Structures are given as structure tokens and as C-alpha cells.
Amino acid sequence: MAEASSHVTVIDVNDVKRVEFSDRKILDELVINEILTELVALIEGADGIKMLLDFENVDHLSSAALGMLITLNKRANEANGQLRLAKISPQIFEVFKITRLDKLFDIRDTVEEAMGSF
Numbered sequence: 039m040a041e042a043s044s045h046v047t048v049i050d051v052n053d054v055k056r057v058e059f060s061d062r063k064i065l066d067e068l069v070i071n072e073i074l075t076e077l078v079a080l081i082e083g084a085d086g087i088k089m090l091l092d093f094e095n096v097d098h099l100s101s102a103a104l105g106m107l108i109t110l111n112k113r114a115n116e117a118n119g120q121l122r123l124a125k126i127s128p129q130i131f132e133v134f135k136i137t138r139l140d141k142l143f144d145i146r147d148t149v150e151e152a153m154g155s156f
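Mind the numbering: the sequence shown is residues 39 to 156 in the working numbering, read in order.
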């Protein structure tokens, strides 16, 4: 079953919430806040949530989007949840490396690998 908003689609796969982004560029502050609000609501609604963020469709992230991911990770940890990121493009992954966020997040090359890591 998939639930869609204007910016993300949430697909229930077994006990994992797989989140696919609709926008190729996640740059706008309002969009970022809407995504954060929706995903935090999912986390708060399910203690011990397993959430996979699939970045296959994303080409660009702003620094505010990185901040949103950090907040999301913190909220997931506080709720005994697990967050995985998958299919990040090489140029975005380079930003994760430069900012050392590749050490904070569990980032996998493929959705299948991320799903198997929960």
C-alpha cells in the first residue's frame, strides 16, 4: 500500500516504511518543512519504526534538506527507530562525505541492500 503527498510517496514493505521523493531538487524551505512534518508524524506514530529514504529520483539537496535529514535521524533514534538512506547520487554523496554525514547515516547503494540491513 502506498500513501502519497505532493512531495513523497510512502510504501509499506513488510515492516519498513519506504519513502520515495517526488521532487528531483529538494531545495525550497517550505517543501523541506512539509517533508519533515510528514515523516516525523510517521515516526511519532510508530515506536521502533524502520524507515528507508530512497533518493533515486533526487538530483539536488540544499543545506536545509541536510538539516532536515539530521533532524529526522535524531527523531527516529529517540523513537527507537532505524533510518536508512539508499541510492544517493554520486554528487550528493560527495556532499555527505565532505560534511561527514556519511558517518552519521547508514547509507546503502541499493534499496535491496538497505531493506536487508534492518
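In this text, a Cβ means the ideal position worked out from N, Cα and C, and glycines have one as well.
In this text the structure is predicted, and so the values were computed from the model without any measurement.
Would a C-beta distance cut-off of 8 Å place LYS55 and MET106 closer than the cut-off?
Against a cut-off of 8 Å, the Cβ pair of MET106 and LYS55 comes out as no contact.
Mind the definition here: the segment 148-155 touches the segment 116-126 only if three or more C-beta pairs lie below 8 Å; say whether that holds.
Output reads yes: the segment 116-126 touches the segment 148-155.
Spatially closest choice to ALA79 from SER127, ARG138, THR109, VAL133, by CA coordinates
Nearest to ALA79 by alpha-carbon distance, out of SER127, ARG138, THR109, VAL133, is THR109.
In three-state DSSP terms, what is ILE126?
In the structure shown, ILE126 sits in coil (DSSP, three-state: anything other than H, G, I, E or B).
Here's a check: name, in chain order, each residue in its chain whose Cβ is nearer than 8 Å to the Cβ of ARG62, leaving out the five neighbours to either side.
Within the same chain, ARG62 has close Cβ partners ASN95, VAL96, ASP97, HIS98.
Within the continuous alpha helix (DSSP H) that includes ILE70, where are the two ends?
Judged by DSSP secondary structure, ILE70 falls within the alpha helix (DSSP H) whose first and last residues are 67-82.
What is the residue span of the beta strand (DSSP E) that ARG56 lies within?
For ARG56, the enclosing beta strand (DSSP E) has its first and last residue at 54-59.
Quick one: what's ILE145 bridged to in DSSP?
ILE145 pairs with LEU123.
Per DSSP, LEU139 forms a beta bridge with which residues?
DSSP lists no partner for LEU139.
Just verifying my parser: in three-state terms, what is the DSSP assignment at ILE108?
It is helical.
Spatial neighbours of PHE93 in its chain, beta-carbon cut-off 6 Å, leaving aside the 5 residues before and after:
Closer than 6 Å at Cβ, skipping near neighbours: LYS125, ILE126.
What is the DSSP secondary structure of VAL46, counted as helix, strand or coil?
Three-state DSSP puts VAL46 in a strand.
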